[in-house]
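*Asks:* Next up is a structure, given as structure tokens.
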Amino acid sequence: MTARPDRVVVVGGGLAGHTAAVTLRSNGFQGRLTLITQESAEPYDRPPLSKELLSGTTGRPTLSPGLHGLNVQLRTQTVAVGLAPGEILTTAGKIPFDAAVLAPGLTARQLPSGPGAPQARVLRTLDDALALRAELTADRSVLIVGAGLIGAEVATAAAAAGCQVTVVSPEFGPALPVVPDSVLDQIRGWYDECGIELMTGVRALETTSAGVLLSDSSVRPADLVLAAVGGSPATSWLDGSRVDLDAGGFITADQYLRTSLPGVYAAGDAVTWRSSRYGCDLHLEHWHHAAESAQVAARNILGATESYDPLPYFWSHQLGHSLHYLGRHDRTDTAETRTDTRSGVSVTWTRDGRPTAVLAIDAPHLVRRARSAIDTSHRAENSVVQ
Ligand SMILES: Cc1cc2nc3c(=O)[nH]c(=O)nc-3n(C[C@H](O)[C@H](O)[C@H](O)COP(=O)(O)OP(=O)(O)OC[C@H]3O[C@@H](n4cnc5c(N)ncnc54)[C@H](O)[C@@H]3O)c2cc1C
Numbered sequence: 033m034t035a036r037p038d039r040v041v042v043v044g045g046g047l048a049g050h051t052a053a054v055t056l057r058s059n060g061f062q063g064r065l066t067l068i069t070q071e072s073a074e075p076y077d078r079p080p081l082s083k084e085l086l087s088g089t090t091g092r093p094t095l096s097p098g099l100h101g102l103n104v105q106l107r108t109q110t111v112a113v114g115l116a117p118g119e120i121l122t123t124a125g126k127i128p129f130d131a132a133v134l135a136p137g138l139t140a141r142q143l144p145s146g147p148g149a150p151q152a153r154v155l156r157t158l159d160d161a162l163a164l165r166a167e168l169t170a171d172r173s174v175l176i177v178g179a180g181l182i183g184a185e186v187a188t189a190a191a192a193a194g195c196q197v198t199v200v201s202p203e204f205g206p207a208l209p210v211v212p213d214s215v216l217d218q219i220r221g222w223y224d225e226c227g228i229e230l231m232t233g234v235r236a237l238e239t240t241s242a243g244v245l246l247s248d249s250s251v252r253p254a255d256l257v258l259a260a261v262g263g264s265p266a267t268s269w270l271d272g273s274r275v276d277l278d279a280g281g282f283i284t285a286d287q288y289l290r291t292s293l294p295g296v297y298a299a300g301d302a303v304t305w306r307s308s309r310y311g312c313d314l315h316l317e318h319w320h321h322a323a324e325s326a327q328v329a330a331r332n333i334l335g336a337t338e339s340y341d342p343l344p345y346f347w348s349h350q351l352g353h354s355l356h357y358l359g360r361h362d363r364t365d366t367a368e369t370r371t372d373t374r375s376g377v378s379v380t381w382t383r384d385g386r387p388t389a390v391l392a393i394d395a396p397h398l399v400r401r402a403r404s405a406i407d408t409s410h411r412a413e414n415s416v417v418q
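Going by this note's numbering, the residue at position 333 of the sequence shown is 365; the numbering climbs one at a time, nothing skipped.
Here you go:
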């Protein structure tokens, strides 16, 4: 895009949409800026929903800086239903644009439910979290499907609220390709310490009027069922538009976060972009990615040619411990685990002697320390390959 746009529309009132709007203004964009969100409130932060908000130590988690004073036309309860060149079609009419940022995020996956079964709860929005918090009362039996980050975090809050908690998952681990058994055993032990029953190797098939039907044909009764089984990109409204989606429904973008339609960029959980660092198409569902991709998309709209090339990073607080992960490893990388009573536990993965990723338990400083070595190592690897 060569000329600076006069009208920018951002679709999605999550972290990526919010950050895109703030970045446009902080980089001098003075034109008309519209942010469309189907939610009823202005953008808020999601990580506290499964942590502080559920445990009652925070209320509505805000994003800072807020949109107040930025002259953003915030269209709440407005759903984007289609996109044509130069205009977004919404439930409140057409909104013309010169440039757009698509940041619709994910929709939480549901469990199938049989006849007469109450719907399993999910956790993606503030409303989901407020409803769930009210339901986590002492002595209720709570069955959580999925032992990933959100499943483990909700289990933590439910156990602390006095619920009888069971977590069911076919696999076990912190959403990473392979983690050494010794570390998985350590994490498993946290469930015991919190009084949470962990059932692995079994799949939840559907909610029934009696509870949850498992793949071993047993039915597990529960007062409350939470499906923490990931999400799908909220992009069906782009079907038939000139914005390309991949087989999983993610918006495809190049290294500058440009979609297939000129002037239209994408950011956040719903984008798959071309990573120069890894030489492949990548998508991430983490906080830092949502914020940083939105910043790059916004600056590129204003004339920059910035390649989006982050080191993947996420954190989680669960079962009384913290996890921090930086980089990207695969099954063939060599893992080395270090345990130090003072500095914590870490796993470092290497390939051909160069670090690819680090996982640190209760030791965020180890991730900070490893950053520059992982960053340099990937850049070096790519320059050899090309
Ligand atoms: C409970 C929870 C805990 C998390 N904890 C962590 C953590 O500890 N660490 C970490 O790194 N990451 C965490 N994450 C992930 C992180 O919060 C997400 O990566 C980030 O919120 C993604 O931002 P986004 O703007 O791309 O998408 P979203 O936050 O999903 O926002 C998308 C917005 O677009 C709206 N929208 C969708 N379709 C339309 C449409 N057609 N029209 C109008 N509006 C639409 C949605 O309603 C939503 O408001 C957590 C996520 C959740 C849900």
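Ideal Cβ positions, reconstructed from N, Cα and C, are used throughout, including at glycine. Quantities reported herein were computed from a predicted structural model and do not represent experimental measurements.
Please name the residue, chosen from L208, R235 and T291, that lies closest to V275 on a Cα-to-Cα basis.
*Replies:* Among L208, R235 and T291, the Cα nearest to that of V275 is on T291.
*Asks:* Can you tell me whether T69 is buried or exposed? The criterion is at least 16 other CB atoms within 10 Å of its CB, across all chains shown.
*Replies:* Per the 10 Å Cβ criterion, buried.
*Asks:* From the DSSP output, in three-state form, read off D313 for me.
*Replies:* Reduced to three states, the DSSP call for D313 is strand.
*Asks:* Report the three-state DSSP secondary structure of S354 (helix, strand or coil).
*Replies:* Reduced to three states, the DSSP call for S354 is strand.
*Asks:* Just checking E324 against ligand 1 - is the residue's beta carbon closer than 7 Å to any of the ligand's heavy atoms?
*Replies:* Checking every heavy atom of ligand 1 against the Cβ of E324, none is found closer than 7 Å.
*Asks:* Comparing alpha-carbon positions, which option in T366, P396, A405 and L351 lies nearest A187?
*Replies:* The candidate whose alpha carbon is nearest that of A187 is L351.
*Asks:* Taking just the CA atoms, how far does G49 sit from A73?
*Replies:* Approximately 13 Å between the Cα atoms of the pair.
*Asks:* Start and end of the alpha helix (DSSP H) containing I182?
*Replies:* It spans L181 to A192 - the alpha helix (DSSP H) in which I182 sits, taken as one unbroken run.
*Asks:* Identify whether L175 lies in helix, strand or coil by the three-state DSSP scheme.
*Replies:* It is a strand residue.
*Asks:* Is the distance from the Cβ of A13 to the Cβ of V133 below 8 Å?
*Replies:* As displayed, the chain neither begins before 33 nor continues past 418, which places residue 13 out of reach and without an answer.
*Asks:* Output yes or no for whether 8 Å exceeds the beta carbon distance between V111 and T94.
*Replies:* Cβ distance not < 8 Å, so V111 and T94 don't count as in contact.
*Asks:* Do D341 and E317 come within 8 Å of each other at the CB atom, strictly closer than that value?
*Replies:* Cβ distance not < 8 Å, so E317 and D341 don't count as in contact.
*Asks:* Let me know the secondary structure DSSP gives V215 once reduced to three states.
*Replies:* Correct three-state label for V215: helix.
*Asks:* Cα separation between S87 and P80?
*Replies:* Taking the straight line joining both Cα atoms gives about 9 Å.
*Asks:* List the residues that DSSP assigns as beta-bridge partners of W381.
*Replies:* Partner(s): A367 and A389.
*Asks:* Determine the contact status of T388 and R363, defining contact as a CB-CB distance below 8 Å.
*Replies:* Not closer than 8 Å, so no.
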